[in-house]
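Structure first, commentary second.
Protein chains: 2
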Amino acid sequence: MEKIKVAIAGYGNLGRGVELAVRQNEDMELAAVFTRRSPESVKPLTEGVPVYSISDAQEHKDDADVLILCGGSANDLPVQTPELARYFNVIDSFDTHAKIPEHFANVDKASKESGHTAFISLGWDPGLFSLNRLYAESILPNGKSYTFWGRGVSQGHSDAVRRVKGVKRGIQYTCPIDDAIEQVRNGSRPDFTARQMHKRECFIVAEEGADKAAIENEIKSMKNYFDQYDTSVSFITEEEFERDHTAMPHGGFVIRSGLTGENEQTAQRIEYSLSLGSNPEFTGSVLICFARAVKRFADQGQTGCKTIFDIPPAYLSPRSAEQLRAALI
Amino acid sequence: MEKIKVAIAGYGNLGRGVELAVRQNEDMELAAVFTRRSPESVKPLTEGVPVYSISDAQEHKDDADVLILCGGSANDLPVQTPELARYFNVIDSFDTHAKIPEHFANVDKASKESGHTAFISLGWDPGLFSLNRLYAESILPNGKSYTFWGRGVSQGHSDAVRRVKGVKRGIQYTCPIDDAIEQVRNGSRPDFTARQMHKRECFIVAEEGADKAAIENEIKSMKNYFDQYDTSVSFITEEEFERDHTAMPHGGFVIRSGLTGENEQTAQRIEYSLSLGSNPEFTGSVLICFARAVKRFADQGQTGCKTIFDIPPAYLSPRSAEQLRAALI
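For the record, the sequence lines run as chains A and B. Quick note: the first sequence, position 230, residue 230 per the numbering used here, numbers continuous. So the numbering used here is basically just the index in the second sequence, starting at one, shifted up by 329.
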């Protein structure tokens, strides 16, 4: 069997998560890594994998069946995905929800013109959580869906905390509020404020001599990031930070609570949850199983941009349709 | 907008669940009910819906876009689904796992010959649980999947209990064992025996003067049904039975516990769970949202037999691809 050749663009936490996922799938191999750094400075875990400058990507367009873009949604992907879809079948994890229609249109145009297949906004949210919102809403039209995130590290909020004067190191955990989850599970379908669904926990290593009360106050009152939430700020030592706060756990819940029956009196609940030891490793694993689907779409000549809603689930598995029917249905 | 015309074959608990689901979906209407009983004896909830003998189904083949078969897997569906796929686009909930490949082949042949679309083995298990086993296994290849059912009524086990001498009324609940679920959630990936995952609870109204000890003994030692499980047998009054045991709740959990990372040391968990006030109403709701997908496949000329693994998720929703991308991703 010929392996699916995967390339990675951007070798940070997510790129490394993708590389680790490739190693767990026998029908895949890592063909190349593209980077904006000096290629000599990047050492993939996988032996023998070439590292190229991303500006030379076009020259290597025939080296990979699928290119997985591991850059950021704010600045990298809006430019990179349409650009690289001119030369490769691509997957990205673009997660700026409000800009997905625009990003879709740009990537669709580029990939249709070049005859490639592109999947955007994959991962777990957007991605698996989107999928579960869709399935659950389609099954229970009279109902209400809730998404809770965490307990897990939010990169955006951690970055915001680190910009506060006097903060040496900092990390922010988004935490779902247990009581809110219980209310939803009990079928009460409330309208929550942001504060009622999530709280925020910050762990800070302060610079020597910094004003801790001022740091705490600045964090808690930060517009949009923290002011609409109950936030706790804990000051810890650098040793504690190293020991307890360098993993990247995450997770969350999509719950739909609905009603069926002659008088719409019967409570029905669908719940999907993730508990992730490492967010980038899990996201890498999601992207990699969709690489299989991209290859299949491309082999069928289905070009243009797709999302997780367009992909028949069987396309994600290395097993044949017959095997899947016999083993998993 | 022209509504999707749905017909139901078999007007028992599931047929009624399908009818109730049609009423919750504005793009659907109930076009006909087919029955093996005398048509005059069947009174659908929906006013004005014609009831026909199932033996006359062929004459009404143009009355419905999709026919939903609501018979039993043991005797009805193996015959009915291939037979009716000659005249209709069909959906069934065939759930005899071991015979799915054979049933698929029969339905595929009939529906391809007649130019129709058929979906088999839909519902929640098989169905949504199958789907979650597939997604989770594809994402976390190094892992182990567990399916727990309940607490809920098992028809097969309830029927078995009712065949015991001296039992006037009886019902059986399959119950997942909390400790086993906790072990899986904690990432220990054990190999369980049947007894370690589920227990069985029976509630019995005994005939007057019946030997209760003999009933309890016969149930607990019944081969395949009960002998491999810890089973409790409670004798209750007919009033208690009417009051507490006429609903048909069910539910369950699909949990995959997997590992990622450089040394496959990072624990990752995907969990899907259902908590259902009424099994037939929920199953009816699942079948009805797939009716939308059958219609779309049929309109595209995609004939033959499909399973839930073949169906792009977007096909289940009344919303357009643009709306879905904007609202749910």
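Ideal Cβ positions, reconstructed from N, Cα and C, are used throughout, including at glycine. Only a predicted model underlies this, so the values are computations on that prediction, with no experimental measurement involved.
Identity of the residues DSSP links to MET28 of chain A by a beta bridge
A:ILE4
Answer with buried or exposed for VAL408 of chain B, where buried requires no fewer than 16 other C-beta atoms within 10 angstroms of its C-beta.
exposed
Which same chain residues, not among the five before or five after VAL493 of chain B, have their C-beta less than 7 Å away from its C-beta?
ILE544, GLU547, ILE548
Residue span of the alpha helix (DSSP H) that contains TYR135 of chain A, given as start and end
128–139
DSSP on TYR229 of chain A, reduced to helix/strand/coil?
coil
So with Cβ pairs under 8 Å, would you call ILE91 of chain A a contact of chain B?
no
Under a CB-based cut-off of 8 Å, is ILE8 of chain A close to chain B?
no
For the pair the stretch 278–287 of chain A and the stretch 82–89 of chain A, tell me if three or more CB-CB distances fall below 8 Å.
no
Starting from the beta carbon of LEU20 of chain A, find every residue of chain B whose beta carbon is closer than 8 Å, and list them in chain order.
THR589, GLY590, GLU591
Tell me where the beta strand (DSSP E) around CYS70 of chain A begins and ends.
Note, CYS70 of chain A: premise wrong, no beta strand (DSSP E); not H, not E.
Which of helix, strand or coil does DSSP assign to LYS528 of chain B?
strand
Pop quiz: SER278 of chain A and ALA247 of chain A are said to be a contact at Cβ under 8 Å. What is the actual Cβ separation, rounded to whole angstroms?
7 Å
Consider the Cβ of HIS157 of chain A: report whether some Cβ of chain B lies at a distance smaller than 8 Å.
no
Check whether the Cβ atoms of ALA336 of chain B and THR446 of chain B sit closer than 8 Å, and answer yes or no.
no
Proximal residues of chain B, C-beta to C-beta of CYS289 of chain A below 7 Å:
SER467, ILE468
Count the other CB atoms within 10 Å of the CB of MET28 of chain A; is the residue buried (16 or more) or exposed (fewer)?
buried
Just verifying my parser: in three-state terms, what is the DSSP assignment at VAL294 of chain A?
helix
According to the neighbour-count rule (16 or more other Cβ atoms, all chains shown, within 10 Å of its Cβ), is THR375 of chain B buried or exposed?
exposed
List the residues of chain B that TYR272 of chain A touches, going by C-beta distances under 9 Å, in chain order.
ASN461, ILE599, GLU600, TYR601, SER602
For SER121 of chain A, would you say it is in contact with chain B, using Cβ-to-Cβ distances shorter than 8 Å as the test?
yes
Examine chain B for any beta-carbon lying closer than 8 Å to the beta-carbon of HIS97 of chain A, and answer yes or no.
yes
Does the stretch 577–584 of chain B come within contact of the stretch 445–462 of chain B, defined as at least 3 CB pairs closer than 8 Å?
yes
Using the Cα positions of SER517 of chain B and HIS486 of chain B, report the straight-line distance between them to the nearest angstrom.
31 Å
Anything in chain A within Cβ reach of LEU605 of chain B, meaning under 7 Å, just list it in chain order.
GLN268
State the beta-bridge partners of TYR146 of chain A as determined by DSSP.
A:ILE255
How should THR237 of chain A be labelled, buried or exposed, when 16 other C-beta atoms within 10 angstroms of its C-beta is the threshold for buried?
exposed
How about GLU281 of chain A: is its C-beta nearer than 8 Å to some C-beta of chain B?
yes
Report the neighbours of ASP639 of chain B on chain A: residues whose CB is nearer than 7 Å to its CB, in chain order.
PRO312, ALA314
Look up TYR340 of chain B in the DSSP assignment and say whether it is helix, strand or coil.
coil
Helix or strand or just coil, what does DSSP make of TYR502 of chain B?
strand
In whole angstroms, what is the alpha-carbon distance linking LEU274 of chain A and ARG491 of chain B?
41 Å
Output the distance between the C-alpha atoms of ASP437 of chain B and PRO82 of chain A, rounded to the nearest integer angstrom.
40 Å
Do HIS574 of chain B and GLY479 of chain B have their CB atoms nearer than 8 Å?
no
Coil, strand or helix - TYR601 of chain B by DSSP
strand
If we call anything under 8 Å between Cβ atoms a contact, is VAL66 of chain A one with ALA291 of chain A?
yes
Check whether the stretch 494–502 of chain B and the stretch 526–543 of chain B are in contact - that is, three or more C-beta pairs closer than 8 Å.
yes
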